[in-house]
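Protein chains in written order, with the working numbering: chain A, 94 to 540; chain B, 504 to 778. Where a beta carbon is used, it is the ideal one built from N, C-alpha and C, also for glycine.
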Amino acid sequence: MQILKDIAIKAEHLGKKYLIGHQEENARYVALRDVLMRNTRMFLSRTKDLLKGRPIIQGDRLEEIWALRDVNFKVKRGESIGIIGRNGAGKSTLLKVICRITEPSAGRVAVRGRVASLLEVGTGFHPELSGRENIYLNGAILGMSRTEIRRKFDKIVSFAEIEKYLDTPVKRYSSGMYVRLAFAVAAHLEPEILLVDEVLAVGDTEFQKKCLGKMDDVTQGGRTVLFVSHNMNAIQRLCKRCIVLSQGRIAFDGQTSEAIAFYLKSREANQQISWPDASRAPGDEVVRLRAVRITGEDGQVRSQFDVRDPVVLQIEFQIFKKTQLAISVQFIGALGNYIMASMDNYINGPWGEQPPYSAGIYKSSCYIPGDFLNEGQLSINLWIYSPPLPPYLSAHVRMLNVVSVDICDNHQPNGARGSFPYEWGIEPAVRPKLRWVTEQLKRNNGE
Amino acid sequence: MQDEVLILEPGRAEKNYWRDLWRYRELFIILAWRDICVRYKQTAIGIAWAVLRPFLTMLVFTVIFQRVAKLPSDGNAPYALMVFAAVLAWSFFSTSLSEASNSLIGNERLITKVYFPRIIIPAATIVSAFIDFLISFFILLGMMVYYRFLPGWNLFLLPAFVILALLASLGPGLWITALNVKYRDFRYVIPFIVQLGLYISPVGFSSNLIPDKWRLLYSLNPMVGVINGFRWCILGGKSQIYWPGFVLSIIVVLFFLWLGVSNFRRMEKSFADLI
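Shown next, in the form of structure tokens:
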């Protein structure tokens with residue numbers, strides 16, 4: 094495959110396929126004979142898979158899923174490109190193929206120069222090791238040599254602002270310190286091509302600003318950057334060109350402002366998502382997410398809510414090992430602005446002494462009152478983790494934009510807006526109907 | 504500097520696999536160092552653990568096989584020393600085998616988030632098993648002083664057999680850790696192999712006790728060759744090597760190494776999708 098000198102990445106008909114299995118949900122096996130037949134059949138097919146060295150897939154029916162399909166694009170040297178799209182559109186898969194974590198199933202990619210990927214800050218951090226040790230460990234994992242790390246060590250430490258805690262194990266760090274250190278190491282990578290996935294969605298606002306500034310330097314420093322994010326402001330700031338992925342295909346490739354407009358217009362709210370096949374569900378050997386839904390009070394899934402209606406967020410998860418478990422949810426507005434956060438009640442009581450959950454399938458529901466949210470699109474970020482460790486050290490599930498929903502204002506006079514006839518704007522994060530009392534304190538003199 | 508162009512497409516054999524591996528040697532060192540650090544930081548008794556385990560095994564085996572079963576030693580070497588030479592080889596083998604075969608699952612985060620030649624992970628765990636081996640080796644020296652036993656020039660050949668033990672564990676270790684990613688049931692195989700192997704291999708007794716007509720067959724167990732080699736080095740000429748069996752052991756070791764490496768390489772591209 095020919096690749097010109099000034100091209101950093103070139104993808105031709107790139108595809109990535111996954112096989113997933115479905116359990117026949119409505120098939121009921123009542124008779125013992127049926128159960129035996131089914132299990133025998135499954136045992137035979139599994140043995141066959143095992144002998145042929147194919148992965149064993151649970152379920153009665155197999156389905157091919159193309160996470161990427163016929164993707165063609167070129168990235169020039171020094172260009173920074175944003176990649177946007179809904180969850181499952183193939184953004185992360187694309188990055189994983191380019192940085193060799195996973196092999197493509199069709200087509201090919203040519204890459205010129207050293208690639209470093211930043212798919213998660215703090216990859217490989219070990220809680221028992223000190224900050225100093227983790228800088229070396231994480232740096233090596235991200236592809237820096239020891240001399241390179243030694244040269245940048247002081248800069249990394251001062252960027253992270255952790256001078257005093259260099260020799261403390263990172264398990265004693267606050268979440269802010271942890272994220273700062275992790276980002277600081279990553280920010281000092283100097284590859285020719287940098288792949289970044291959602292890493293700016295962490296830390297406090299102050300630090301996020303600092304990270305964005307650092308990313309500005311990186312993109313202006315002549316490096317080629319591929320940047321995946323749900324944060325439209327960050328994309329707008331960092332990239333001139335943007336690719337919109339939809340169901341594994343390129344839906345739009347062009348100027349960032351047009352791409353964002355295209356994306357915002359085309360994306361429908363995905364108010365429910367479920368994983369019938371537990372082995373492919375997000376999570377790990379402790380807990381996996383099985384379904385997330387946005388419903389009304391009646392339990393029916395809806396894509397649109399009136400601002401006056403209560404909204405219920407349902408989260409179904411399966412626990413495989415007895416564990417302490419807490420859920421944390423972030424509510425994100427249409428522009429990627431952070432609206433509010435909520436944690437399930439598990440965090441009540443003395444920290445770390447909560448009774449553990451036993452194995453099984455659970456459903457948590459979060460009730461958001463009516464007359465509270467502002468109009469506009471609302472999407473949900475979800476974390477499931479194990480106290481007493483903080484979320485960033487024990488996340489089993491970390492999903493951005495897992496479901497989203499439209500909140501509409503129908504201008505009904507009994508809502509929070511009353512009969513106010515003008516635009517309210519979507520800038521306010523919430524628009525609750527609060528209790529207001531106005532009373533006359535005193536008549537004016539002389540009346 | 505001329506930039507390299509890397510082409511990624513389905514089923515493409517890695518042309519520069521071994522050169523790539525060399526390029527990632529620093530990561531190998533650092534992962535090995537992490538495993539060692541964490542191991543000795545987390546356990547309360549740390550190094551004592553590496554000392555106690557082989558020592559107690561030796562004690563129990565000596566009591567059972569020498570005192571109770573009244574089995575003879577190799578030549579006139581102290582029985583405890585003969586057992587400890589084998590325990591040294593066996594615990595190095597079993598620790599590296601079990602650590603290597605669980606290593607990929609334990610590093611799921613790394614595998615799904617960063618690229619590097621995956622073989623580094625199981626290989627790095629073997630280094631920490633080697634540190635345990637070094638610690639136990641000092642007990643051996645202590646025991647030699649206690650028994651006033653002077654080893655011969657053979658002791659200098661021990662590193663060769665240590666490498667053989669390393670290769671013997673690396674082959675099956677790589678194979679099982681790769682299978683473990685696909686089929687989680689394989690993790691139950693290892694404790695079984697380790698437990699059974701301890702009795703099948705000549706750890707508590709001398710392999711001279713095996714009838715001659717079975718000896719070649721017995722040497723199909725690669726650890727027979729390794730343990731006999733260890734004894735030959737440590738006990739000097741008092742323990743003879745059975746050469747046909749030893750050669751057979753080496754062949755078996757090399758076969759498993761080939762099987763492990765080739766299977767691992769074939770499967771490693773799909774690790775991130777399956778883990």
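Per DSSP, reduced to three states, the secondary structure at residue 522(A) is coil, with no helix or strand assignment. It is roughly 7 Å from the alpha-carbon of residue 227(A) to the alpha-carbon of residue 219(A). Closest in C-alpha terms to residue 410(A), from the list 419(A), 404(A), 403(A), 402(A), comes 419(A). With a beta-carbon spacing of about 15 Å, residue 577(B) and residue 718(B) fall beyond the 8 Å limit used to define contacts. Put simply, the backbone Cα of residue 270(A) is about 22 Å away from that of residue 440(A). Listed along chain B, no residue sits closer than 8 Å to residue 178(A) by beta-carbon distance, the nearest being about 20 Å off. Annotation: the continuous alpha helix (DSSP H) that includes residue 703(B) extends over 692-703. Between residue 477(A) and residue 385(A), the C-beta spacing is not below 7 Å. Taking 7 Å as the cut-off, the Cβ atoms of residue 468(A) and residue 500(A) count as close.
For residue 593(B), the uninterrupted alpha helix (DSSP H) segment begins and ends at 582-609.
Interface annotation for the stretch 634-657 of chain B against chain A: empty, criterion Cβ-Cβ distance under 9 Å. Spatial neighbours of residue 177(A) in its own chain (CB-CB distance under 8 Å, excluding positions within 5 residues in sequence) are listed in chain order as 184, 321, 322, 323, 325, 328, 335, 336, 337, 338, 352, 353, 356. Beta-bridge partners of residue 449(A) (DSSP): none assigned. In the three-state reduction of the DSSP assignment, residue 494(A) falls in the strand class. Within chain B, the residues whose beta carbon sits less than 8 Å from that of residue 210(A) are 616, 617, 618, listed in sequence order. The residues 108, in chain order, have a CB closer than 6 Å to that of residue 199(A) in the same chain once the five nearest residues on each side in sequence are set aside. Between residue 776(B) and chain A, the shortest Cβ-Cβ separation is below 7 Å.
Within its own chain, no residue has a Cβ closer than 7 Å to the Cβ of residue 666(B) once the five positions on either side in sequence are excluded. Going by DSSP, residue 470(A) is part of the beta strand (DSSP E) stretching over 469-478.
Taking a contact as a CB-CB distance under 8 Å, the pair residue 450(A) and residue 416(A) counts as one, their CB atoms being some 6 Å apart. Distance between residue 215(A) and residue 232(A), taken at the CA atoms: about 10 Å.
Neighbours of residue 512(B) in chain A, taken as residues whose beta carbon is under 8 Å from its own, are 197, 200, 201, 202 in chain order. The DSSP-derived three-state label of residue 383(A) is strand.
The stretch 579-589 of chain B and the stretch 644-659 of chain B touch, with three or more beta-carbon pairs separated by less than 8 Å. Membership of residue 515(B) in any beta strand (DSSP E) is not indicated, and neither H nor E is assigned to it by DSSP.
Contacts with chain A at 7 Å (Cβ-Cβ) include residue 533(B). Considering only beta carbons, no part of the stretch 717-731 of chain B lies closer than 8 Å to chain A. Here the C-alpha atom of residue 637(B) lies approximately 47 Å from the C-alpha atom of residue 370(A). Beyond the five residues adjoining it in sequence on each side, residue 745(B) comes within less than 8 Å, by CB distance, of 710, 718, 722, 731 in the same chain, given in chain order. The C-alpha of residue 525(A) is placed about 42 Å away from the C-alpha of residue 287(A).
Judged by their CB atoms, residue 725(B) and residue 671(B) are nearer to each other than the 7 Å cut-off. The shortest CA-to-CA distance from residue 159(A) to any of 484(A), 165(A), 111(A) is the one to 111(A). Using beta-carbon distances, residue 677(B) does not count as an interface residue toward chain A, since no partner is under 7 Å. At least one beta carbon of chain A lies nearer than 7 Å to the beta carbon of residue 537(B).
Under the three-pair Cβ rule at 8 Å, the stretch 629-636 of chain B does not count as touching the stretch 692-707 of chain B.
None of the residues of the stretch 489-511 of chain A has a beta carbon lying less than 7 Å from any beta carbon of chain B.
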